[in-house]
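A.B. asks: Using numbering that gives the first Met the number 0, read the sequence shown as starting at 0 and increasing by one per residue.
C-beta: ideal position from N, C-alpha, C; glycine also.
Below you will find the structure I want to go over with you.
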Amino acid sequence: MNVFLQGLGFLAMSTPPVLGRTMGSCREYNPECIGQGQRILFYTALHLIAFGMSGHMTCWNSFMAEQFIPVEGEDQDDFDTAERTFWKFFYSILATIVLTFVAVLGLPYIKPWSVRFGIPAICTLVATLLFFSGSCSYKYFPQLGSPLTVFFRVFVAAVSKLFYRIPRDPKELFEVNHPQLYVIPHKKSLRCLDKAAVVIPTKPVEEQAENLWRLCTVTEVEETKTIIRMIPVWMTFILCGVVNAIGFTYFVEQLDHKVGRLKLPSVALL
Numbered sequence: 000m001n002v003f004l005q006g007l008g009f010l011a012m013s014t015p016p017v018l019g020r021t022m023g024s025c026r027e028y029n030p031e032c033i034g035q036g037q038r039i040l041f042y043t044a045l046h047l048i049a050f051g052m053s054g055h056m057t058c059w060n061s062f063m064a065e066q067f068i069p070v071e072g073e074d075q076d077d078f079d080t081a082e083r084t085f086w087k088f089f090y091s092i093l094a095t096i097v098l099t100f101v102a103v104l105g106l107p108y109i110k111p112w113s114v115r116f117g118i119p120a121i122c123t124l125v126a127t128l129l130f131f132s133g134s135c136s137y138k139y140f141p142q143l144g145s146p147l148t149v150f151f152r153v154f155v156a157a158v159s160k161l162f163y164r165i166p167r168d169p170k171e172l173f174e175v176n177h178p179q180l181y182v183i184p185h186k187k188s189l190r191c192l193d194k195a196a197v198v199i200p201t202k203p204v205e206e207q208a209e210n211l212w213r214l215c216t217v218t219e220v221e222e223t224k225t226i227i228r229m230i231p232v233w234m235t236f237i238l239c240g241v242v243n244a245i246g247f248t249y250f251v252e253q254l255d256h257k258v259g260r261l262k263l264p265s266v267a268l269l
């Protein structure tokens, strides 16, 4: 959220009236009034906004779901607090929808771009402060690690055992058998990665298991294989993204914005 806020702030600062005098250029909305520093701020803002939006959209749903997960040992007061938190989230989302609708209809009629970019930046700042004001009442869960770490550990372990042979019996590969752990059965595809679970006979298994970058479980290897198999599927979404982007840009520009005597702004058609 902070990255997204910085991007909106840089976007507002990239307009000529804000930094025109500091940059030594004019303050009118003309091409000659846009300096190199303002261009750098503008393109930096676009990258920060995209990065911040992706992180926000990825984490927000899971964060909200965690707030309503029942924790062992909670009493009735905790459940009442969770219920109040739910309604706070509900009303905040409702207010966001209403403000977005008003902004879509009102911002196109505001001429200065510094004000157009400044209003979302101020609203995001207020939303960020409101979010952090309730940090003492949020539920926090311990980090369980990143799937990317397991992905790279499997590759490092497989490369470190490049000259070791894979046993014919998959049962000889390393696996932690515990009733509370989720275990994925071994599959024959992408067998080169199975070397990450090969147990070196000259060393004790317990000693090898302590180094997570040298010995991985069969489940971790199979999770890595699943990610690799999904890469071709993910590649197809590039075409879907291109088509979706064209629909929100090119086709909107080709439309007739007039509905009778009323002329709708382009933002209202998105």
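Can you tell me which of the three DSSP states K138 falls into?
C.D. replies: Correct three-state label for K138: coil.
A.B. asks: Going by CA-CA distance only, name the one from S145, V197, A157 that's closest to R167.
C.D. replies: For R167, the nearest C-alpha among the options comes from V197.
A.B. asks: Out of V125, K257, E171, G246, which one is the CA nearest neighbour of C215?
C.D. replies: That would be E171, whose Cα lies nearest to the Cα of C215.
A.B. asks: Is S91 close to the ligand PLP? I mean its beta-carbon at under 8 Å from any heavy atom of the ligand.
C.D. replies: In the structure on display, the ligand PLP does not appear, and there are no ligands present to speak of.
A.B. asks: Quick check on this structure: which residue in L40, W86, T21, L261 has the alpha carbon closest to the alpha carbon of A11?
C.D. replies: Cα-wise, what sits closest to A11 is L40.
A.B. asks: Less than 9 Å separating the beta-carbons of S159 and W212?
C.D. replies: Yes. Within cutoff.
A.B. asks: Quick one: what's got a C-beta closer than 7 Å to G19's C-beta in the same chain, skipping five residues either side?
C.D. replies: Closer than 7 Å at Cβ, skipping near neighbours: C25, R26, C32.
A.B. asks: Using CA atoms only, rank isn't needed, just tell me which of I96, K262, E222, L238 is closest to S145.
C.D. replies: Comparing Cα-Cα distances from S145 to each of I96, K262, E222, L238, the minimum goes to E222.
A.B. asks: Along the chain, where does the alpha helix (DSSP H) that runs through N176 open and close?
C.D. replies: Here N176 belongs to no alpha helix (DSSP H), and DSSP marks it neither H nor E.
A.B. asks: Pair every Cβ in the stretch 220 to 236 with every Cβ in the stretch 137 to 155, then say whether three or more of these pairs are closer than 8 Å.
C.D. replies: Counting Cβ pairs under 8 Å, three or more are found: they touch.
A.B. asks: Straight-line CA distance for W112 to F250?
C.D. replies: Each residue's Cα considered, the two are about 24 Å apart.
A.B. asks: Is there contact between the stretch 171 to 186 and the stretch 109 to 129, where contact requires at least three CB pairs shorter than 8 Å?
C.D. replies: The stretch 171 to 186 is not in contact with the stretch 109 to 129.
A.B. asks: Can you give, in chain order, each stretch of the alpha helix (DSSP H) that sits fully within the stretch 142 to 207 and has at least 4 residues?
C.D. replies: Correct list: 146 to 159.
A.B. asks: Taking A64 as the reference, which of K138, L129, C239 has the closest Cα?
C.D. replies: It is K138 whose Cα lies nearest to the Cα of A64.
A.B. asks: Checking the sheet assignment: what are the DSSP bridge partners for V258?
C.D. replies: L261.
A.B. asks: Just to confirm, are Q66 and F89 a CB contact at a threshold of 9 Å?
C.D. replies: No; because the gap between Cβ atoms is not below 9 Å, this pair is not in contact.
A.B. asks: Please state if the CB of F154 and the CB of A195 are separated by a distance shorter than 9 Å.
C.D. replies: A contact, by the Cβ cut-off of 9 Å.
A.B. asks: Between which two residues does the alpha helix (DSSP H) harbouring T248 extend?
C.D. replies: Its alpha helix (DSSP H) spans residues 217 to 253.
A.B. asks: Count the other CB atoms within 10 Å of the CB of E205; is the residue buried (16 or more) or exposed (fewer)?
C.D. replies: It counts as exposed.
A.B. asks: How is the alpha helix (DSSP H) around I121 delimited, first residue to last?
C.D. replies: 112 to 132 is the span of the alpha helix (DSSP H), which, as asked, contains I121.
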